[in-house]
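Input: a single structure, listed below in structure tokens.
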Amino acid sequence: MPLSDHEQRLFEQIEQSLSEDPQFASAVRAHDPAHVTRRRLILAGIVTVIGIGVVIGSVIAGGDVAMFGAPIGAVLMFGGLILGLWAQRRGTNVKLKAVDGKASRPVGGSKPPKPGGFTSRMEERWRRRRDNGDIF
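For the sequence shown, the UniProt record's numbering gives the first residue as 1, with consecutive numbering after it.
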């Protein structure tokens, strides 16, 4: 149902007053799931690049530095990649919450998983093949 002209003007006034409030904007941005996910992904990328740098630097330095530096760099790289995957996965399953925390809705239009996933379909095909006597 479309808004009346009066309601639309009121809505625009409210929207403009909220957009001009820097404290409100920073509070909303701090809890925005996309902003938090982006920040975590950037952190993961930085940690991964530092790990790569430590590995390359320790190999170039050689000697005792390589013996201790390369494993530390590898752990940093692996940790950065895991952090990035974790952040990306959490970013797709986020719910927006109201300021008072009473209402929430899923973000990104995520659909509930189907009960018949890939493995279920493959198992069913395998059972049918065995029951029908098909080789291929």
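Quick reminder that beta carbons are idealized off the backbone N, C-alpha and C, glycines included.
By DSSP, does P2 sit in helix, in strand, or in coil? For the purposes of this step, residue 2 is taken as residue 2 along the sequence shown, with counting starting at 1. Residue state, collapsed to three classes: coil.
What are the uninterrupted segments assigned as alpha helix (DSSP H) that are 4 or more residues long and contained completely in the stretch 5–46, given in chain order? 5–19 and 22–30
DSSP three-state call for G117: helix, strand or coil? Residue numbering aside, residue 117 sits at position 117 when the sequence shown is read from its first letter. The answer is coil: DSSP assigns G117 none of H, G, I, E or B.
Skipping 5 residues on each side, what residues in its chain have a beta carbon closer than 6 Å to that of G91? Taking the sequence shown and counting its residues from 1, the one referred to as residue 91 is at position 91. Closer than 6 Å at Cβ, skipping near neighbours: T37.
Whose C-alpha, out of G117, G80 and S4, is nearest the C-alpha of R39? Within the sequence shown, residue 39 is the residue found at index 39, counting from 1. Nearest option by C-alpha distance: G80.
Residue nearest to F78 in terms of C-alpha spacing, selected from A66, T48, S58 and G62: In the sequence shown, residue 78 corresponds to position 78, counting from 1. Looking at the Cα atoms, T48 is the closest of the given residues.
Collapsed DSSP secondary structure at G57 in the structure displayed: Your numbering for residue 57 matches position 57 in the sequence shown. Note: G57 maps to helix in three-state DSSP.
Looking at C-alpha atoms only, which residue of A44, L18 and D21 is the closest neighbour of A87? Here residue 87 corresponds to residue number 87 of the sequence shown, with the count starting at 1. Ranking the options by Cα distance to A87, first place goes to A44.
Hey, how far is the Cα of R121 from the Cα of N132? Position 121 of the sequence shown, counting from 1, holds the residue named residue 121. Position 132 of the sequence shown, counting from 1, holds the residue named residue 132. Going from the Cα of R121 to the Cα of N132 covers about 16 Å.
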